[in-house]
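Chemist: Okay, here's the structure, questions in a sec.
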């Protein structure tokens with residue numbers, strides 16, 4: 096009887112280990128897209144796995160085990176967000192180490208970028224480079240590409256991010272108008288510089304033609 100119980104426990108242990116091994120990367124990707132800080136995402140992952148272990152009798156009979164794990168992770172993320180919002184009411188969010196990001200993106204910009212117009216790969220790059228501070232060589236190794244290609248991808252991503260932030264997501268109309276006016280003034284200055292570099296007779300000829 097004791098031997099049979101031991102064998103069942105060993106079988107359960109092996110099955111649980113297999114399930115976690117097959118789903119851990121999926122779970123972590125799901126969590127880190129919603130919690131940008133690496134260490135906090137790892138904490139949520141470990142809590143999710145702990146709940147899965149505690150509920151193994153229920154989980155091992157579940158028809159969709161991966162879905163069960165994802166829903167558990169979703170619950171833990173919601174719990175984390177509630178605690179974070181409570182903390183933000185008690186502590187000013189400006190300058191918080193988990194909010195400030197590379198290129199001076201703040202929490203608003205991060206939320207906007209993650210929620211809009213980026214595919215899965217770009218979200219992953221955004222989190223690694225702008226939030227978690229990965230270097231180009233590190234990212235190149237992770238994506239199995241050259242550092243030059245990685246630099247191109249990051250520059251392209253930076254352009255996408257800037258466009259998302261500019262195109263009505265963060266800037267209000269007044270700010271947009273200010274940016275447009277700045278561009279217009281820059282164009283006028285460049286035109287005047289070009290005029291100033293021409294000989295006087297060419298400028299006179301252009302004026303007469305008008």
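Numbering (the numbering used here), first residue to last: 96 to 305.
Heads up, the beta-carbon is just placed ideally off N, CA and C, and yes, glycines get one too.
Predicted model, so just to flag it, every value in this text is computed and none were measured.
#1: Suppose you measure from the CA of residue 231 to the CA of residue 224; what does that come to, to the nearest Å?
#2: Does residue 121 pass the burial test, meaning 16 or more other C-beta atoms within 10 Å, or should it be called exposed?
#3: To the nearest angstrom, report how far apart residue 104 and residue 151 are at their CA atoms.
#4: Around the C-beta of residue 256, are 16 or more other C-beta atoms found within 10 angstroms, so that it is buried, or is it exposed?
#5: DSSP three-state call for residue 157: helix, strand or coil?
#6: Between the Cα of residue 134 and the Cα atoms of 227, 247, 114, 238, which residue gives the shortest distance?
#7: Using a Cβ-Cβ cut-off of 7 Å (strictly less than) and excluding sequence neighbours within five positions of residue 114, which residues of its own chain qualify?
#8: Between 217, 249, 111, which has its C-alpha nearest residue 157's C-alpha?
#9: With residue 231 as the anchor, note down where its alpha helix (DSSP H) starts and where it stops.
#10: Compute the Euclidean distance between the alpha carbons of residue 116 and residue 240, then round it to the nearest angstrom.
#11: Using only alpha-carbon positions, find the residue among 235, 153, 174, 233 that is nearest to residue 126.
#12: Confirm, please, whether the CB-CB distance from residue 220 to residue 248 is below 8 Å.
#13: Mapping the DSSP letters down to three states, classify residue 105 as helix, strand or coil.
#14: Tell me whether the beta-carbon of residue 177 lies closer than 8 Å to the beta-carbon of residue 143.
#15: Give me the Cα-Cα distance between residue 270 and residue 250, rounded to the nearest whole angstrom.
#16: For residue 148, which option in 130, 136, 167 has the closest C-alpha, if you only look at C-alpha atoms?
Modeler: From the atom records:
#1: 8 Å
#2: exposed
#3: 11 Å
#4: buried
#5: coil
#6: 227
#7: 160
#8: 111
#9: 231–237
#10: 26 Å
#11: 174
#12: yes
#13: helix
#14: no
#15: Note that residue 270 scores a pLDDT of 39, beneath 50, so its modelled location is shaky; the value from the coordinates is reported in the next line. Going by the C-alpha atoms only, they are around 24 Å apart.
#16: 167
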